[in-house]
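Counting from 1, position 158 in the sequence shown corresponds to residue 161 in my numbering; the numbering is continuous, with no gaps. Even glycine gets a Cβ: it sits at the ideal position worked out from N, Cα and C. For reference, the structure discussed in these notes is given below.
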Amino acid sequence: MQNADKDASMDFITSLCGEYQKHNRIDPVYYEKYDVKRGLRNADGTGVMAGVTQICNVLGYYVQDGERVPMPGKLVYRGIDVEELIGGFMREGRFGFEETAYLLLFGALPTREQLSMFQQLLSGYHTLPHMFTEDMILKAPSPDVMNKLGRAVLALYSYDERPDDLSLDNQLQQAIQLIARVPVIAAHAFAVKRHYYDNESLYLHRPQPGLSVAENFLYSVRHDNHFTDQEAKLLDLCLVLHADHGGGNNSAFSCRVLSSSGTDLYAAISAAIGSLKGPRHGGANKKVMEMFGHIEAGVKDWKDDDEIRAFLGRLLRKEAGDKSGLIYGMGHAIYTLSDPRAVILKKFAKELASSKGMLDEFELFESVERLTPEVLLSVKGEDKVVCANVDMFSGLVYKMMGIPVELYTPLFAVARMVGWCAHRIEEVYQPGNRIIRPAYKAVAPMRTFVPLADRV
């Protein structure tokens, strides 16, 4: 297209924007008039009840006399408190992600023999289909690993002999294959992104048998394949904490919505990946680190509470950062007094910061966590309980481990693949399964058709 044609096209698109805005504004009064549950949330912030699940429970408050009462947060996988689960395998010096995957998929902790066989099954599925990396990743590089991940998962449909078979054995096989293959796809997509967009050398590493998911991921994304046991165990912990967060979170619900239609697993999981990419969901960990980049540059004395308060106020007033008016990493739809994932990660983040000589930066994160509630009150008049969420410290942990920011959200997807597959299978096989179909109130007035010659 010639430059003149491009200019004319952009002018027309600009005029179309005005046309859209003129005809598509919805008066906010309608949401109150028809009692619309925006964001599928009730007026008190609780989620609209859309289903039941045995997979995961997220607790952040209890209701007493019709009022929400804040409480320390709890994350429960198949009836087991995540803190207890993590304490169990860490005391034994074991990796826990594979065990967690088994628990979330099948509903019970594996025996030693079952865990060993499940680990072998995952290891056997690490290898991607023949020429998959060459045809599906190398030939169409993407500047964002999440988009490549979504496309690659959809492409796996073409390499499956029974992609539309909804039998339980096939669904479980597809799920286990995805859990094993997605870390490899993410590592390869990252390598290709770095090569084509950042002008770096291309390193593609094959996963090694006998390594855990966390170990193989670090092996695959590092040029020299080197990692320490401490790094691998910490990444494993992050994967466990991100493995699921209930059926109502945006990506899991997206997966369940598509699954309820009877579509294939690859389509449902790809939709979940697209959801997780968003900065209001999994992409928030990148936004936290971006925000702290602004804070670290804009606050001269990281130990001066008054200076930090002032900068946080500028963030809320849309005068600094990305001008969104948000303090990323603070607040959660369910957690009130604490996010258990953030509490656990914070402990290990402090230990890692001490060993890496990064305590000053860690303490700045702590200060933002501590000061944000009072700044919210002074700037916005919001007197509500707000805590740090998992994104506050996960990005810092990844940074201290030397993991590039482009991999923060893909790592979230690697972990959450377990939860998505568990919710997918539960949605397909629950009794009385029905397609999810909420209502939207139509408010456009009726009009008559105007012949083309009579339109102005």
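Spatial distance of residue i from residue j (CA atoms)
i       : j       : result
Ser-41  : Met-52  : Going by the sequence as given, residue 41 is Arg instead of Ser. Going by the C-alpha atoms only, they are around 13 Å apart.
Ile-428 : Val-55  : 13 Å
Pro-407 : Asp-10  : 37 Å
Pro-466 : Asp-201 : The structure shown does not extend to residue 466, since the chain spans only 4 to 459, so no value can be given for it.
Phe-465 : His-248 : The displayed coordinates of the chain run from 4 to 459. Any statement about residue 465 would go beyond what the structure contains.
Asn-288 : Tyr-37  : 35 Å
Asn-253 : Val-61  : 14 Å
Val-139 : Leu-242 : The sequence given here places Met at residue 139; Val does not occur at that position. Spanning the two alpha carbons is a distance of roughly 26 Å.
Glu-354 : Asp-84  : 23 Å
Val-148 : Pro-282 : 14 Å
Ser-3   : Gly-250 : The chain is shown only over 4 to 459; residue 3 falls outside these bounds and no answer can be derived.
Glu-430 : Ser-262 : 7 Å
Leu-238 : Tyr-269 : 26 Å
Phe-220 : Leu-207 : 12 Å
His-198 : His-229 : 20 Å
Arg-165 : Gly-384 : 56 Å
Leu-171 : Lys-151 : 28 Å
Thr-17  : Tyr-23  : 10 Å
Asp-309 : Leu-315 : 10 Å
Tyr-34  : Asp-47  : 15 Å
Tyr-222 : Ile-188 : 13 Å
Lys-359 : Ala-313 : 29 Å
Ala-246 : Phe-396 : 16 Å
Gly-286 : Tyr-411 : 8 Å
Among the options, nearest to residue i - alpha-carbon criterion
i       : options                            : result
Lys-196 : Ala-143, Ala-442, Lys-383, Leu-19  : Ala-143
Leu-159 : Asp-172, Val-302, Tyr-128          : Tyr-128
Ile-438 : Ser-223, Ser-257, Lys-353, Gly-285 : Ser-257
Val-185 : Gly-435, Val-459, Pro-413          : Pro-413
Ser-370 : Glu-299, His-208, His-284, Pro-113 : Glu-299
Asp-363 : His-26, Met-139, Val-32, Phe-295   : Phe-295
Tyr-443 : Ser-18, Leu-43, Gln-5              : Leu-43
Pro-467 : Ala-345, Leu-319, Cys-424, Glu-385 : Absent from the structure is residue 467, since the part of the chain shown begins at 4 and ends at 459.
Gly-324 : Glu-22, Lys-349, Lys-290, Ile-337  : Lys-290
Gly-398 : Lys-349, Asp-386, Lys-387, Arg-81  : Lys-349
Phe-368 : Glu-385, Ile-337, Lys-387, His-297 : His-297
Leu-340 : Leu-379, Arg-458, Lys-77           : Lys-77
Pro-376 : Glu-366, Leu-319, Lys-326          : Leu-319
Gly-82  : Thr-103, Arg-94, Phe-92, Arg-71    : Thr-103
Ala-447 : Ile-29, Leu-112, Phe-15, Lys-25    : Ile-29
Residues sharing a beta bridge with residue i, DSSP
i       : result
Tyr-65  : Val-72
Ala-391 : Met-333
Which runs of the alpha helix (DSSP H) at least 4 residues long sit entirely within the segment 319 to 371? Give them in chain order. 343 to 359, all fully within the segment 319 to 371.
Cβ contact (3+ pairs, closer than 8 Å) linking the segment 82 to 95 and the segment 62 to 74: no
Pairs of beta-carbons, one from the segment 327 to 334 and one from the segment 378 to 392, closer than 8 Å: are there three or more? yes
Inter-stretch contact at 8 Å, needing at least 3 Cβ pairs: the segment 416 to 428 / the segment 272 to 291: Because the criterion of three Cβ pairs below 8 Å is met, the segment 416 to 428 and the segment 272 to 291 touch.
Kindly provide the ranges of any alpha helix (DSSP H) runs that are 4 or more residues long and lie completely inside the segment 224 to 288, ordered along the chain. 232 to 245, 253 to 263, 268 to 280
Hey, is the segment 208 to 222 in contact with the segment 95 to 113, meaning 3+ C-beta pairs nearer than 8 Å? yes
Segment contact, 8 Å Cβ cut-off, at least three pairs: the segment 159 to 168 with the segment 98 to 117: no
In chain order, which continuous runs of the alpha helix (DSSP H) of length 4 or greater are located wholly inside the segment 28 to 107? 32 to 36, 85 to 94
When you compare the segment 421 to 436 with the segment 169 to 185, are there three or more beta-carbon pairs, one atom per stretch, that lie closer than 8 Å? yes
Of all the alpha helix (DSSP H) runs that stay within the bounds of the segment 123 to 178, which reach a length of 4 or more residues? 148 to 158
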